[in-house]
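Undergrad:
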Amino acid sequence: MRKPLVAGNWKMNGTRETVSALLDGLQTGLSGEKELGNKVDIAVFPPAIFAQQVADALTSTAVSWGLQNICTEEKGAFTGETSVVMAQEFSCTMVLAGHSERRSLYGETDADVAAKVDRAGQAGLIPVLCVGESLEEREANQTMEVVSRQVKAVLEQASPASLEKLVIAYEPVWAIGTGLTATPEQAQEVHASIRELLAKHDADMAARTRILYGGSVKGSNAAEIFAGPDVDGGLVGGASLNVQDFLSICRAAD
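Whatever position you read off the sequence shown (first residue = 1), add 1 for the numbering used here.
#1: Scan the region 33–64 and note each continuous alpha helix (DSSP H) run of 4 residues or more that stays entirely inside, going in chain order.
#2: If I follow the unbroken beta strand (DSSP E) through residue 212, where does it start and stop?
#3: With a cut-off of 8 Å, do at least 3 Cβ pairs link the region 5–24 to the region 56–70?
#4: Return the chain-ordered list of same chain residues with a C-beta closer than 7 Å to the C-beta of residue 247, the five sequence neighbours on each side being excluded.
#5: Closer than 7 Å: is that where the CB of residue 138 sits relative to any heavy atom of the ligand FMN?
#6: Note the first and the last residue of the continuous beta strand (DSSP E) segment covering residue 115.
#7: Please classify residue 228 as buried or exposed, where buried requires at least 16 neighbouring CB atoms within 10 angstroms.
#8: Residue 204 to residue 164, Cα distance in whole Å?
#9: If the criterion is Cβ atoms closer than 8 Å, does the pair residue 114 and residue 133 meet it?
#10: Can you name, in chain order, every residue of its own chain whose Cβ lies under 7 Å from the Cβ of residue 202, other than the five neighbours on each side?
#11: Where does residue 5 sit, in a helix, a strand or coil, going by DSSP?
#12: Which same chain residues end up closer than 7 Å to residue 149 when comparing Cβ atoms and leaving out the 5 residues on each side of it in sequence?
#13: Classify residue 107 as buried or exposed, calling it buried when 16 or more other Cβ atoms lie within 10 Å of its own Cβ.
#14: State buried or exposed for residue 180, treating a residue as buried only when at least 16 other CB atoms are found within 10 Å of its CB.
#15: Is it true that the CB of residue 44 sits closer than 8 Å to the CB of residue 87?
#16: Among residues of its own chain, excluding the 5 on either side of residue 15, which ones have a beta-carbon nearer than 7 Å to its beta-carbon?
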């Protein structure tokens with residue numbers, strides 16, 4: 002039985018004040034629902050600059066935290082980058098890899114993403130691999146061609162240790178921040194296809210790997226989406242910046 006995971010990607014949002022309020026709200030909300038933290042894994046991905054603030058607030062709580070991106074190098078002349086060693090300094094346990102915004106805005110290739118997954122996994126972090134198709138690709142019936150290519154790049158390049166920890170997040174690009182959402186049937190269809198692809202590589206891996214859905218997930222649609230047998234939770238964007246919305250999504254994953 003795969004334990005559901007709901008993770009909040011804060012993207013480039015927040016100030017010390019708003020992050021403090023968000024963290025306080027999460028702690029207060031979960032303190033009254035202790036069983037929720039036992040039944041659902043909950044995580045947040047803040048901007049790296051808030052890593053210490055998040056670590057200070059969430060240590061000894063049921064909420065884990067990670068970084069939105071990491072460099073494949075451990076140290077050196079890589080201005081603006083963050084290494085896995087730095088992530089570990091702040092007790093991060095997870096890292097996103099290959100979010101569509103990293104792919105489209107910063108030109109990350111499938112090979113780049115696979116290298117980041119492998120670097121994170123070998124360092125003991127949980128890599129959350131983001132995959133998904135554009136609207137043009139979906140309309141051209143290329144969804145699984147694109148998603149399969151993105152997943153296969155990781156399966157072919159990452160070490161067994163990295164794949165042991167892997168989480169996959171299916172985020173159709175056309176549904177991220179647009180208000181559009183894949184139907185529960187569309188989400189389940191892609192998730193099932195991803196699991197089938199994993200099974201061809203390793204049956205045990207397919208059974209244990211959590212596949213999350215992301216793309217305009219809200220409290221009002223989460224339960225219906227999460228009902229799919231191959232949907233193991235969500236990677237939440239905008240709604241994770243609102244405590245009540247985020248907690249309602251966590252409840253829906255229970």
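Ideal Cβ positions, reconstructed from N, Cα and C, are used throughout, including at glycine. Nothing here was measured: the structure is a model prediction, and the numbers come from that model.
TA: Once the coordinates are examined:
#1: 35–40 and 52–59
#2: 211–214
#3: yes
#4: 9, 237, 240 and 241
#5: The model on display carries no ligand, and the ligand FMN is accordingly not part of it.
#6: Counting along the chain, residue 115 falls outside any beta strand (DSSP E), though it belongs to the alpha helix (DSSP H) covering 111–123.
#7: exposed
#8: 12 Å
#9: no
#10: 156
#11: coil
#12: 198
#13: exposed
#14: exposed
#15: no
#16: 47, 48 and 51
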